[in-house]
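In the working numbering, the protein residues as written are 25 to 608.
For every residue, glycine included, the Cβ atom is placed at its ideal position computed from N, Cα and C.
Single-structure report; data block below.
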Amino acid sequence: MRNKLTIGLLLLSLITACTSENEVVQESGESTEVVNDTETLSNISVEYKKDELQMVFQDYELIELNSTSINYSGSSANIDGSTITITKAGIYKLTGSLSDGMVIVNTSKEEDVVLILDNVDIHNEDGPAISILQADKVILNLVEGTNNTLSDGSNYTLISGEDEPNATLYSKDDLSINGYGTLNIESNYNHGIYTKDDLKLISGTINVTSVNDGIKGKNYIAIKDASVSISSNGDGLQSNNAEDSSKGFILIEGGNITIQSGLDGIQAETQLVVSDGELTITSGLLANSTESGKSLKANSLVEITDGNLNLISESDDTIHSNRTVLIKGGSITLSAYDDAIHSDDLLQIDAGIIQITQSYEGLEGNNIIINGGDIEINASDDGINTAGGNDGSGTMNNRNDMFANDGSSLTINGGTVIVNANGDGLDSNGTITQNGGTVIVFGPTNSRDGAIDYNASYTLNNGILLATGSSGMAQNVSESKIYSFLVGTNTVQANTWISIVQNNTTLVSFKSPKAFQTIVYASNDLKSGTVQILSNTSVSSSEAIVFNSTQVSGTELLSLNLSNLITTQNSGGSQTPGQRPTRP
């Protein structure tokens with residue numbers, strides 16, 4: 025499971041290609057249009073009002089909390105012992121502490137309330153510390169330099185419905201948090217923060233410790249510039265409106281988010297969009313085999329356009345969508361117990377740096393499209409798999425016919441993909457099409473899997489393909505517009521420098537982290553004629569792959585003659601293109 029490979033993603037600086045954004049130019053001069061499923065792009069947005077972006081409020085009514093009592097001289101609130109109920113719109117500044125009390129907001133539906141927290145510490149033993157029962161909108165403003173704490177007991181006696189109140193900071197209506205101070209939430213009953221409407225985390229530092237979910241916004245959660253830290257036994261962030269398809273989303277536009285969650289890290293009922301920010305998530309810490317412990321999860325769409333993401337799942341996938349995953353940029357590091365990136369339908373990568381340090385399967389989806397990006401995959405089973413469906417993981421027991429074409433597809437139009445897999449490197453129960461890009465596969469050492477595994481076809485129109493692996497299930501491409509060969513050899517030991525040479529030019533030198541018996545290579549630089557494969561070559565490089573290096577010396581491992589676009593030279597059991605042996 026914990027197979028790791030360190031290969032620098034510097035190949036693009038060694039390979040140049042002149043292509044437009046929408047096409048891949050082939051050697052023949054033809055072009056193939058890059059596939060982009062733009063209809064699935066998210067169109068969600070969140071509007072921030074002027075008062076929500078206001079960090080300092082000058083005019084206010086003062087509420088002093090005095091442990092077991094409350095001082096307030098205005099006429100817009102009622103006091104009952106250590107509970108104050110705000111009944112009218114306005115700006116209220118809270119100072120001091122309550123050892124067992126509560127602040128309630130209960131105005132008309134059209135009224136806005138601002139609560140300024142100035143070193144406030146509120147504990148309520150049998151209910152929320154702050155409960156917003158009715159308002160149009162409430163803003164919690166955190167005074168710069170202050171440290172504010174809200175906490176509750178382990179039992180509530182003020183429950184008026186199935187799920188209300190159920191959080192230390194509870195709201196039935198829109199809630200926004202801003203300012204330059206700190207808000208600490210200590211939840212001992214259920215959730216940390218929960219609103220049944222919209223939740224905006226605009227700025228400030230928000231720390232949540234929760235026995236269940238950390239922060240919930242039913243309609244949506246929007247994070248602009250806030251620093252959010254969550255330690256929860258349930259989900260970290262969750263939006264759960266399943267009745268309205270335009271709601272139930274989470275939008276992260278910036279900020280710094282750190283989550284340690286027992287179940288999912290961030291879970292959206294509909295869409296989860298990350299356009300910027302720093303995300304560090306460890307999920308699934310308490311999930312059993314029937315519970316979800318994904319780092320990023322959404323039912324319809326997960327979209328990442330920018331940001332720095334470091335995601336770890338201790339029990340599940342790191343990025344998961346029941347429909348579509350789109351990655352259009354960002355720097356993403358993933359460590360998964362199961363799949364690193366899983367989509368039941370479309371998984372599309374257009375740009376970004378993606379490093380999968382550990383996974384069962386790296387990329388899994390029914391339809392995988394890679395248009396660009398630098399992708400490094402380490403997998404204990406398949407590196408890229410288009411046969412998994414609903415977390416099927418491509419296991420043989422899940423297939424009625426393991427060699428049938430199931431209609432799934434892998435399309436590579438550009439980018440750099442490096443795969444180190446103990447199972448199949450590239451695995452499609454349907455088709456593989458490569459129109460460009462650089463694909464490097466260090467495949468399995470066992471005879472039950474292959475570096476390349478497809479049921480229908482592998483069509484190679486352009487690009488570079490280098491794949492090493494065992495001989496038992498080896499496949500070459502099935503159709504090609506550039507020269508390609510599959511050659512079998514005696515076992516080459518791990519970390520042995522191998523060079524492919526033609527016409528006294530070294531096309532590529534590499535060393536595999538594992539022993540191998542077959543090599544597949546294709547490139548625009550390959551021509552008709554003799555090709556030499558040298559071992560123990562004189563390559564001096566800190567990288568494991570070097571293209572177009574200076575002439576090398578070494579021992580000839582074998583040679584072959586290329587007279588056709590596809591050449592297969594068998595040795596040790598390798599298969600001709602498209603031929604599938606019976607699995608041992």
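Practice task
Starting from T3, trace the beta strand (DSSP E) both ways and give me its first and last residue.
Solution key: There is simply no residue 3 to check, as the chain begins at 25 and stops at 608 in what is shown.
Handout entry: Beta-ladder partner(s) of G105, from DSSP
Key = According to DSSP, G105 bridges with nothing at all.
Problem - C-alpha distance - A539 paired with L335, whole-angstrom precision - result: Approximately 31 Å, taken between the alpha carbons.
Handout entry: Which of helix, strand or coil DSSP assigns to L550
Key = Coil.
Practice task
In the DSSP assignment, find the unbroken beta strand (DSSP E) run with F509 in it and report its ends.
Solution key: From DSSP, the beta strand (DSSP E) with F509 extends over S508 to V516.
Exercise for the section: Please check the pair V501 and Y482, which I expect to be a contact at CB under 8 Å, by giving their CB distance rounded to whole angstroms. Expected result: At roughly 4 Å, the Cβ-Cβ gap stays under 8 Å, so V501 and Y482 are in contact.
Practice task
Verify whether the separation of the beta carbon atoms of L490 and V532 is less than 9 Å.
Solution key: In contact: L490 and V532 (Cβ atoms closer than 9 Å).
Practice task
Give the secondary structure of K271 by DSSP, where H, G and I count as helix, E and B as strand, and everything else as coil.
Solution key: Residue state, collapsed to three classes: coil.
Problem - Opposing strand residues paired with A445 [DSSP bridges] - result: Under the DSSP definition of a beta bridge, A445 partners with A403.
Practice task
Sort out for me which residues DSSP pairs S583 with in a bridge.
Solution key: Q556, per the DSSP bridge assignment.
Exercise for the section: Could you tell me the boundaries of the beta strand (DSSP E) in which S22 lies? Expected result: Within the shown structure, residues of the chain are numbered from 25 to 608, placing residue 22 beyond reach of any answer.
Practice task
Go through its chain and collect everything with a Cβ distance to Q291's Cβ below 6 Å, but skip five positions before and after it.
Solution key: If you ignore the 5 residues before and after Q291, its C-beta comes within less than 6 Å of the C-beta of D259, Q262 and K321, all in its own chain and listed in chain order.
Exercise for the section: Could you check if I103 is buried or exposed, using at least 16 other CB atoms within 10 Å of its CB as the buried criterion? Expected result: Residue environment analysis places I103 among the exposed positions, since fewer than 16 neighbouring C-beta atoms fall within 10 angstroms of its C-beta.
Problem - Candidates D477, G151, L141 and N346: closest to E293 by CA position - result: Ranking the options by Cα distance to E293, first place goes to N346.
Practice task
Compute the Euclidean distance between the alpha carbons of G418 and D341, then round it to the nearest angstrom.
Solution key: Below a pLDDT of 50, predicted positions are generally treated as unreliable, and G418, at 42, falls in that range; no measurement from the model is reported.
Practice task
Could you check the C-alpha separation between V162 and L199 for me, to the nearest Å?
Solution key: Straight-line Cα distance between these residues: approximately 5 Å.
Practice task
Indicate whether G289 and S251 have their beta-carbon atoms separated by less than 9 Å.
Solution key: Using a Cβ distance threshold of 9 Å, G289 and S251 do not count as a contacting pair.
Exercise for the section: Reducing DSSP to helix, strand and coil, say where D176 ends up. Expected result: Note: D176 maps to strand in three-state DSSP.
Practice task
Could you say if the region 389 to 401 and the region 369 to 376 meet the contact criterion of at least three C-beta pairs nearer than 8 Å?
Solution key: Enough Cβ pairs lie closer than 8 Å, so yes.
Practice task
Please work out which residues of its chain come closer than 6 Å, Cβ to Cβ, to I488, disregarding the five sequence neighbours upstream and downstream, and give them in chain order.
Solution key: For I488, where only same-chain residues beyond five positions count, the Cβ hits under 6 Å are T462 and S547.
Exercise for the section: Grab me the residues of T282's own chain with a C-beta within less than 6 Å of its C-beta, minus the 5 sequence neighbours each way, in chain order. Expected result: Around T282: S253 and T304.
Exercise for the section: Have a look at the DSSP bridge pairing and note the partners of Q379. Expected result: Answer is T357 and E400.
Exercise for the section: Below 8 Å on the Cβ atoms is my guess for S494 versus N470; work out the distance and round it to an integer in Å. Expected result: Right, the Cβ-Cβ distance comes to about 6 Å (below 8 Å), so this counts as a contact.
Problem - Alpha-carbon spacing of I87 relative to E134, whole angstroms - result: Distance from the CA of I87 to the CA of E134, rounded to the nearest whole angstrom, comes to 23 Å.
Practice task
Could you please give the first and the last residue of the uninterrupted beta strand (DSSP E) stretch that includes S93?
Solution key: Where S93 is concerned, the enclosing beta strand (DSSP E) stretches over S93 to N95.
Practice task
Please say whether T170 and T206 have beta carbons closer to each other than 9 Å?
Solution key: At the C-beta level, T206 and T170 come within 9 Å of one another.
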